[in-house]
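In case it helps, mature numbering (1 follows the signal peptide of the UniProt record, and there is no 0) puts the sequence shown at residues -16 to -1, 1 to 569.
Backbone N, C-alpha and C fix where the C-beta goes; we use that ideal spot for every residue, glycine too.
Values in this document were obtained by computation on a predicted structure and should not be read as measured data.
Since the structure comes first, as structure tokens, the remarks are kept for the end.
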Amino acid sequence: MVTNFIFFLCVLFCAAAGERASGAEDWKEHANSGRRRRRSLSQYKASPSWEHKSFDEQWHEFQNSVPIERLQGQPGDLPNGFSGGASCAPWIWGPEDGENLLILVHGYLACPGRWGVVVEELLKRDVVCGRESDGPQRPCGRYRIMGVTLPGHGYKWEERPAIVTQNSGSAQVERRDNITDMPFDKDAWLVFNEALGVMATQFKKEHPTGVIAIAGHSIGGLMALDVVLKRPTLFDRALIMNPEIGPPSPLLYPAEALLKHARLSNDMLGEACEPERGGALYPGGYCQFKFGNIGSVWSLAKHLYCKEWGISRCILAGWHFNARKYDTARRNMTTLKSIQMVATEGDTAVEQKRILKFMGALQTVRPVGHPNTGICMWPAVMTHSYLIPSFAKEGHPGGPQWWKDYAMEALMRYLTHGKTIDIVERIGLPGMEGGREDFCMPTTSAGVVGAKLAVLPAVQNKHSYSLTGPAGQTLAAMVLFQGFARKETENVHAMNNRMVELLQVDGQYVIVTRLARDAGLRDMFIVHAAARQQNCLKVDLAKLDPQANLLADLRAGREDTPQTLMFCARRLAEAYCSRAHCGHY
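Okay, structure coming up:
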């Protein structure tokens, strides 16, 4: 980690030196302080006249804030990895008379085209209004889908003969991104967020019975979170994915202040951006940026997580506790109509501690069992970016996309029906705040294996949860008992207290033991027979393989190596004997 960080700093200083040597005209461009101030503003903003304009009028002004001919690609194209190309103009897809609005906010250096495969799927599906927790839902048409372009993003790049080259057809060219209007401080992002909130408010006035939803990824997820927390009762659904971009070390904050105009690239930092955008199916975006541009994103994250929401203590951001903002943020979290947050395990593009702390704060004010709150993790194999066109054909950096259909369906159900994503795998981590990681899907293509079984009641349901098999099939696991019980082996009469769970899966009974409620799985058994004596159960059982897929292991029967154990807890005995045959001894 230290070696990588030192290498990263060396890259930055080399980039700065190279910029001084080869980009004198660019440095001249930034010498004027007035120019820098203008670049801090967002081209996309709510004008004072919007108060008297319809949603369509507001959108027309917003969409044309940057002339469309300056932007990459064909307006309205939907790249899917097999057809279409760059798509960087702000656009609305779906029926012009639609009653429902979905705002999509892309991530840093990307374009609305990154949503191509998601929009294609959404255009096939009807929206259901209302929430299951409030009573019957009703069909209400389809979404108008608003794909917005972040400030300064998506401009056409220049191509010229290169000294350092990339292949583009048969020509050797250097591409230089037009990042002139990329933000240099957090204000541009906040102005942009306000414009989204104003348009959503106007749409709701004109369509009071429709669904208003927002979805954002990466820095777009953080911006979407800011929008909904400022208007918590406006949005019916908020899908927040991997909401941040953060530096690998806090020491990069002062480095950014010194090297604002150093020109960097994704390829320099390990992202294969240049070769990718040489292809005809590239969905649009930038490969290059300045240190000050990414610094503005870091500044936004510090401002929101630390100063506005009181989630983290960012000492370098001049943090001090603000009781009013802290209370306002938690009150607004409480009044959100519905929210689904997802983050990828081990995501190196974000400062994940902040995301996990926000999830923890959200769970504090919207406790376990809240019907309109979903909080979970994607497996590490999905990486930071997923369900984007450029990976559909060329392949995902995490390898085979066995998770793709599962993730797409989960997101579609939330956006169209408001159904939060079920937790299917829960891993006990006693050393971690919260004691576990909750996954929205299996962490391997083989499905949920026993050692990672979600035996604790899922966040959305205290009484059952889903198990996933190798072919993606699911079964409900009913939680019949959870609590401490004394455990005794047949030959050793010492009694040990264990956290015990009794499950019913596919007509069979399973007993799981742990050292503590959120601890990792210790043992897992399939029950063959049981006899009761007062508050104790004497159980004939066989141990399940914790590394095998649970459903496959259960169906195999596990008749080998039977053993007998005693579990003493009145409610456990009652739970089993009220459903299955119990002998007496």
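Proximity below 7 Å, CB of residue i to CB of residue j
i, j, result
"residue 126", "residue 79", "yes"
"residue 462", "residue 492", "no"
"residue 465", "residue 556", "yes"
"residue 358", "residue 319", "no"
"residue 50", "residue 111", "no"
"residue 92", "residue 202", "yes"
"residue 52", "residue 86", "no"
"residue 226", "residue 334", "yes"
"residue 205", "residue 224", "yes"
"residue 421", "residue 364", "no"
"residue 135", "residue 26", "yes"
"residue 362", "residue 326", "yes"
"residue 532", "residue 521", "no"
"residue 374", "residue 260", "yes"
"residue 551", "residue 460", "no"
"residue 578", "residue 564", "Lying outside -16 to 569, the shown extent of the chain, residue 578 is not represented and no answer is given."
"residue 75", "residue 57", "no"
Close beta carbons around residue i, own chain, < 7 Å, minus the five adjacent residues each side
i, result
"residue 54", "139, 140"
"residue 217", "319, 321"
"residue 347", "359"
"residue 279", "240, 244"
"residue 117", "355, 356"
"residue 45", "31"
"residue 386", "429"
Residues that DSSP places opposite residue i in a beta bridge
i, result
"residue 593", "Since the displayed the chain opens at -16 and closes at 569, residue 593 lies outside it and no answer follows."
"residue 293", "Per DSSP, none; premise fails for residue 293."
"residue 120", "Answer is none; residue 120 lacks a bridge partner."
"residue 487", "463, 494"
"residue 524", "513, 548"
"residue 407", "Beta-bridge pairing links residue 407 to no other residue."
"residue 85", "128, 196"
"residue 508", "496"
"residue 380", "383"
"residue 633", "This structure leaves residue 633 out entirely; the chain is present only between -16 and 569."
"residue 469", "482"
"residue 60", "DSSP, once it has assigned bridges, lists no residue as partnering residue 60."
"residue 568", "516"
"residue 139", "55"
Cβ shell of residue i (< 8 Å), same chain only, five flanking positions each side left out
i, result
"residue 154", "Its pLDDT being 43, under 50, residue 154 is placed unreliably in this model, and the value from its coordinates should be taken loosely. So no residue of the chain qualifies."
"residue 122", "112, 113, 114"
"residue 467", "483, 484, 553, 555, 556"
"residue 538", "489, 490, 492, 494, 510, 528"
"residue 646", "The first residue shown for the chain is -16 and the last is 569, placing residue 646 beyond what the model contains."
"residue 397", "403, 405"
"residue 109", "126, 396, 400"
6 Å CB neighbourhood of residue i in its chain, flanking five on each side removed
i, result
"residue 507", "497"
"residue 215", "181"
"residue -10", "At residue -10 the pLDDT is 41, less than 50, meaning the model places this residue with poor confidence; the figure from the coordinates comes in the next sentence. Nothing meets the Cβ criterion."
"residue 271", "249, 250, 257, 258"
"residue 401", "112"
"residue 199", "88, 223"
"residue 175", "26, 29"
"residue 161", "141, 270, 272"
"residue 189", "none"
"residue 4", "Note that residue 4 has pLDDT 39, beneath the 50 cutoff, so the model's placement of it is unreliable and no number is given."
"residue 372", "98"
"residue 289", "295, 296, 338"
Touch test, the region 359 to 379 against the region 303 to 315, Cβ-Cβ under 8 Å, three pairs minimum = Cβ pair count under 8 Å is below three, so no.
Runs of alpha helix (DSSP H) lying entirely within the region 150 to 202, each at least 4 residues, in chain order | Restricted to the region 150 to 202, the alpha helix (DSSP H) segments that are unbroken, complete and at least 4 residues in length are 171 to 190, listed in chain order.
Give a yes or no on contact between the region 59 to 76 and the region 264 to 284, applying the rule of three or more CB pairs nearer than 8 Å.
-> yes
How do the region 276 to 290 and the region 155 to 174 stand: do at least 3 beta-carbon pairs fall below 8 Å, yes or no?
-> yes
Could you say if the region 334 to 352 and the region 372 to 381 meet the contact criterion of at least three C-beta pairs nearer than 8 Å?
-> no
Touching by the beta-carbon criterion (3+ pairs, under 8 Å), the region 208 to 215 and the region 235 to 243 = no
What are the complete beta strand (DSSP E) segments, minimum 3 residues, inside the region 205 to 275?
-> 221 to 225, 247 to 249, 272 to 274
Counting pairs of Cβ atoms below 8 Å between the region 30 to 41 and the region 57 to 68, do you hit three or more?
-> no
Scan the region 66 to 112 and note each continuous alpha helix (DSSP H) run of 4 residues or more that stays entirely inside, going in chain order.
-> 100 to 106
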